[in-house]
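Sequential numbering of the sequence shown, starting at 21, is according to our numbering.
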Amino acid sequence: MDYLLGSKFGLGRINFYVLVNGLRGGFQLSNSKRLVILLSLAIVFCFTMFMLAIKSFSSSSWQTWQIKYYQAQIAMRQNNMAKVEDEEQIGRIKLEIEDLQQKKPNIQEIHLSNGQIERCKTCHLGIEEISKSHPSDIGCTICHGGNALSLDEKTAHEGMYGGGHPGQLDVARLSCGGGSTAAGQCHSGNRHEIDNQVDLMATSLMAGKGGELSMTRYMYGLDIPPKVLLKPGENAANVQAPFNHRPEEPKFQQNCLSACHQTKGRLEGQQAQANGCESCHVLSNSTHTYEGQDITISRQKSGYGISHKLTVQIPYTQCNQCHNQGEYKLYTMDFTPRSDLNRVKASLPPDRESLESRWQNVYSPGLVFTQCEVNLDCIDCHTRKEAMGDGEMYSSEWNALKLQCQDCHGSTVSKPQGWKITDKSDIAWAEARINSNFPPLNIGNTILKTLRGEELPYVRQENGQWYSYRKTNGEKFLIPQVIGSDCQQDPNKQSADNCHQCHDVSKNKPTSGAQ
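As structure tokens, then:
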């Protein structure tokens, strides 16, 4: 404090003592001297607070997270280097390690396209970019909410949509639907209805379970004919008295409606609840644990995707995390877990499995399926409107179906219906932008259109033949046509059930889905 008591302030040690005691004695000092004393004390206070701020800054948790991240990256490279024999590659890894060893904690700022700044990556340093259509320059809070400038974990996470799961349907209008970019709105409020996935999803069977509600009530004589008692955005699990207070009501709520994977339900044997849009578009492993590079996310805690990534390349194994767990019987309102569930969960991923193992794992026990259904993924046949909704409320799955076998294979009297791409406004171009495995698309190409009028851009007519491209990996399949074959199917009986009567490969594999 000597510098505060020097001649610059006109104070010596003795004078300072006298002045302070003078203040204690009733402030028998001049106003100017009292002002000098108060100013001196204010300077001391400010200096003290400044030093405390520096100390707090130097011990902030964000610095700890960054140090752990660099350590984890070094350890990973050291582990990789032990497996490498090429000297040139070893040299590159050593340089990377040396560079990481020199890294010091530093505030990371994202400069957004709208001119604002976010600091989320100061802690989440290794987090993956969510997707090409969601680049980092749109920021984190546009989807997640929270406080973009805070470096304190508690305040930074306040107000996050869905508590870190912005795909939950009760917040999707704020997260997935509420933002806007230079290209326009996100997933709600667009000119083309098909781009308003948040609005459409509210009417899908997966979101509301209206079909289960209606059909079960119908089977018990409560609705004739079956009807949906929901409004768009409502969920069957929240409907008051779905069974009119009959004894079956608690069982129906517990065994059927509470298990909806789109609305935080938990299926038998699952490690975590599902979270709306994330259920399909964020791929997860069987334990729902994180495997990415963000060091702030525990590798042992369930409730996360494999990485911080959105995808439209959804393999059947993702669908099976809900739809392959066992058998639902709506007429008895019971769920029976499949006996081989542990084997199914431990099976190889789709890119490394054999057709035989896929045959066993692709469907729930007891379901009938054909050869093409085994080779393809669920999203290759179930259309966008089937999965995401089309704005209509349906009372049954049958009414919601948009695709039948004849749409791709034709019938004994008709061929598939083609649709020629004539301009860049066609929905096919949107599909091409979001999936890297989309087959090359040009003006003049012919894609398939279902009998209900929905385009299937992954099904193409090439040199007079129809081909299907798998959405997950781009694999190309020739689609056999009914015309010219030995098929004797009645053209008026073209449902999947009719086709399954002859094309039932599951009967040739009696162990399929039941081992």
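The beta-carbon is built from N, C-alpha and C at its ideal position, and this holds for glycine as well.
On the DSSP bridge assignment, give the partners of residue i in chain order.
i: Q485; result: E482
i: M180; result: G165
i: H154; result: S151
i: L476; result: L468
i: I130; result: E138
Keeping to the same chain, check which residues put their C-beta closer than 8 Å to that of residue i; ignore five residues upstream and five downstream.
i: L549; result: The structure shown does not extend to residue 549, since the chain spans only 21 to 535, so no value can be given for it.
i: L132; result: E138, D157, I158 and G159
i: W486; result: C428, P436, L468, V479, R480, L498, I499 and Q501
i: P125; result: W82, Q83, Q86 and I87
i: G230; result: V248, L249, L250, A256, M413, Y414 and S415
i: L350; result: E232, M235, T236, M239 and C276
By Cβ distance below 6 Å, which residues in the same chain neighbour residue i in space, the five residues on each side in sequence not counted?
i: G199; result: I162 and C206
i: Q245; result: The sequence given here places Pro at residue 245; Gln does not occur at that position. Nothing listed; no residue qualifies.
i: Q93; result: L120
i: I454; result: S153 and V332
i: K321; result: none
i: R372; result: none
i: E311; result: I326
i: E129; result: I137 and R139
i: Q313; result: G146
i: G165; result: G179, M180 and Y181
Could you compute how far the alpha carbon of residue i sits from the alpha carbon of residue j?
i: F47; j: I57; result: Low local confidence applies: a pLDDT of 43 at F47 is under 50, so the model's placement there is unreliable, with the coordinate-based value given in what follows. Using only the alpha carbons, I get a separation of about 12 Å.
i: G241; j: V388; result: 28 Å
i: R363; j: E138; result: 44 Å
i: N344; j: P186; result: 26 Å
i: F77; j: T175; result: Any reading at F77 is ruled out, since the residue's pLDDT is 49, under 50, leaving its predicted position unreliable.
i: E298; j: G183; result: 13 Å
i: F272; j: D190; result: 23 Å
i: F355; j: E347; result: 6 Å
i: C425; j: E232; result: 24 Å
i: K141; j: A294; result: 26 Å
i: R54; j: N167; result: 43 Å
i: G386; j: N528; result: 13 Å
i: L194; j: I63; result: 46 Å
i: L423; j: A366; result: 32 Å
i: N305; j: P357; result: 19 Å
i: T307; j: G285; result: 16 Å
i: D400; j: S170; result: 43 Å
i: V218; j: I117; result: 44 Å
i: H212; j: G473; result: 16 Å
i: T470; j: G296; result: 27 Å
i: F263; j: L421; result: 26 Å
i: K513; j: C143; result: 60 Å
i: Q91; j: R97; result: 10 Å
Counting along the chain, where does the beta strand (DSSP E) carrying residue i start and finish?
i: E347; result: G346 to K349
i: K469; result: T466 to K469
i: L498; result: K496 to L498
Just to confirm my understanding: we take residue i, look at its own chain, exclude 5 residues before and 5 after, and list those with CB closer than 7 Å. What are they?
i: C398; result: Y336 and C339
i: R378; result: V394
i: S17; result: Shown here, the chain extends from 21 to 535; a query on residue 17 therefore has no answer.
i: L330; result: I150, S151, H154, H301 and V302
From which residue to which residue does the alpha helix (DSSP H) around residue i run?
i: K271; result: E269 to N275
i: D354; result: Premise fails: D354 lies in the beta strand (DSSP E), D354 to P357, not in any alpha helix (DSSP H).
i: G438; result: Careful: G438 lies outside any alpha helix (DSSP H), inside the beta strand (DSSP E) at G438 to K440.
i: S299; result: E298 to H301
i: C401; result: C398 to C401
i: S81; result: S81 to M101
i: R404; result: R404 to M408
i: D555; result: The question about residue 555 has no answer here: the residues shown for the chain are numbered 21 through 535.
i: V394; result: Q391 to N395
i: I334; result: That residue, I334, is in no alpha helix (DSSP H); it is neither H nor E in DSSP.
i: M235; result: G230 to M239
i: G111; result: E107 to Q121
Confirm the yes/no value for this check: CB of residue i, any heavy atom of the ligand NAD, distance under 8 Å.
i: G231; result: Among the components modelled here there is no ligand, and therefore nothing to report on the ligand NAD.
Open item on the list: Within 8 Å, do at least three Cβ pairs link the region 106 to 121 to the region 147 to 166?
Closed with: Output reads no: the region 106 to 121 does not touch the region 147 to 166.
TODO: Taking 8 Å as the threshold, find out whether the region 479 to 491 comes into contact with the region 510 to 522 through three or more Cβ pairs.
DONE: The answer is no - the region 510 to 522 does not touch the region 479 to 491, with fewer than three Cβ pairs under 8 Å.
TODO: Report yes or no: do the region 399 to 413 and the region 209 to 225 share at least 3 C-beta pairs separated by less than 8 Å?
DONE: Yes, the region 399 to 413 is in contact with the region 209 to 225.
TODO: Assess, as a yes-or-no matter, whether the region 97 to 112 is touched by the region 272 to 279 under the definition of 3 or more beta carbon pairs within less than 8 Å.
DONE: Three or more Cβ pairs closer than 8 Å define a contact, and the region 272 to 279 falls short of that threshold against the region 97 to 112.
Task: Touching by the beta-carbon criterion (3+ pairs, under 8 Å), the region 439 to 446 and the region 460 to 477 - done: Yes: at least three Cβ pairs fall under 8 Å.
- [ ] Report yes or no: do the region 457 to 466 and the region 490 to 500 share at least 3 C-beta pairs separated by less than 8 Å?
- [x] With contact defined as three or more Cβ pairs closer than 8 Å, the region 457 to 466 and the region 490 to 500 are in contact.
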